[in-house]
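Under the numbering used here, the sequence shown has 334 at position 247, and the numbering climbs by one with no breaks.
Take a look at the structure set out below.
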Amino acid sequence: MDVYKVRIEDTESKIIDKEGFEAETFRRDPWYQPGSAGKLAQFAVCPACDNPVQLVGLYELPPNVKNPFGKHATKSIRGIAPFDSEARNDCPYFQPRQHKKTERKTRFDGVPRKILKLLIEQFDRVVYILEKETQLVLSENALRGMLQRYKGERGYLYTGATLRNVPWIFAYMSDATRLFGQKVIGNAELVKAIAAEVPGAEISSTGRLESKKVPGSKAAYFGYTDLMVDGAPSPHQSDTTLRWLIDRLRS
């Protein structure tokens, strides 16, 4: 793990760096306190699961390690964060794995509750991120349908949902949302690629994504997960969004 935040309530993460960490914490307790070996250690919060983490190598790197990193603590750390084993075990920084879409957390507290609160209070931001990354303007009807499906799927309890991928899990759990009629914004590369590589789709004169009407064939169907990466949403997928969209529309 190469990121951290200093408080549970923080929503932004920082790259682990000695100067930056010192500037944020002033080298004070509770971020600086004795560790398990009795030596002074540095602690922070995991941005994905809100568990406490120890920053390793901030002042002295272990052998064969080039950069400081964070590792999850095995217990609550005073003044930093309580230990939540379920959230930690599902955290991509602790145990990266493929999550089945049907897998759900057992409790609606901690991270799931915070995810839902973030989605409600910052829904405009979530939509902005999705539209910026996919270059599609979602209609009010499309967003309403996505919210209904997300609620029905209990997407906030999905084991792969973290505080760092809220927009993408929101879209992932709304995969039945049809993209027909949604507007493509300022992405000449996407328009050109669809025209060249996807016989079942086209961009209309008004800039909307539509199914090309081919005599004797059924209209193509594509939904919001056609914008996902390998069916597993990622908070850092902008470089692959276009390629994946084209590949899925062609299939």
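The beta-carbon is built from N, C-alpha and C at its ideal position, and this holds for glycine as well.
Fair warning: this is a prediction, and the values are worked out from it, not measured in the lab.
query: Backbone CA spacing between Glu190 and Pro183 [nearest angstrom]; result: 15 Å
query: Simplified DSSP state of Met315, which is helix, strand or coil; result: Reliability fails at Met315, whose pLDDT of 44 lies under 50, so the model's placement of it is uncertain and no value is given.
query: For Phe156, the residue or residues it bridges with in DSSP; result: Val143
query: DSSP three-state assignment for Leu223, whether helix, strand or coil; result: strand
query: Nearest-angstrom Cα separation, counted from Ile95 out to Glu147; result: 26 Å
query: DSSP bridge partner residues for Arg165 (one or two, in chain order); result: Paired residues: none, contrary to the question.
query: Segment contact, 8 Å Cβ cut-off, at least three pairs: the stretch 146 to 164 with the stretch 220 to 235; result: no
query: Buried or exposed (CB count within 10 angstroms, at least 16 for buried), Ala174; result: buried
query: Proximity to Gly157 [Cα-Cα], best of Ile216, Val143, Pro149, Arg165; result: Val143
query: Host alpha helix (DSSP H) of Glu289 (start-end); result: Unbroken run through Glu289 is the beta strand (DSSP E), 288 to 290; no alpha helix (DSSP H).
query: Simplified DSSP state of Glu297, which is helix, strand or coil; result: strand
query: Between the CA atoms of Val152 and Gly287 - distance to the nearest angstrom; result: 50 Å
query: Phe108, enclosing alpha helix (DSSP H) - first and last residue; result: 105 to 112
query: Whole-Å CB distance - Tyr91 paired with Ala131, under 8 Å assumed; result: 4 Å
query: Pairwise C-alpha distance: Asn274 and Leu41; result: Residue coverage of the chain in this structure runs from 88 to 338, which leaves residue 41 outside it and unanswerable.
query: Member of Tyr215, Pro134, Leu250, Ala258 whose CA lies at the smallest distance from the CA of Leu234; result: Ala258
query: Leu234, DSSP secondary structure in three states; result: helix
query: Same chain only: Cβ atoms within 7 Å of Val253, ignoring 5 sequence neighbours per side; result: Ile202, Leu205, Leu206, Val213
query: For Pro150 and Gln209, the rounded distance between their alpha carbons; result: 43 Å
query: Separation of Ile256 from Glu240, as counted between CA atoms; result: 11 Å
query: Extent of the continuous beta strand (DSSP E) run through Ala135; result: Careful: Ala135 lies outside any beta strand (DSSP E) and carries neither H nor E.
query: Cβ pair Glu289, Glu297 closer than 8 Å; result: yes
query: CB of Tyr237 within 8 Å of CB of His186, strictly; result: no
query: Beta-carbon proximity check, Glu111 vs Val140, cutoff 8 Å; result: no
query: Of the residues Cys136, Tyr215, Ser226, the one placed nearest Asp97, counting alpha carbons only; result: Cys136
query: Exposure of Pro121, with buried meaning 16 or more beta-carbon neighbours within 10 Å; result: exposed
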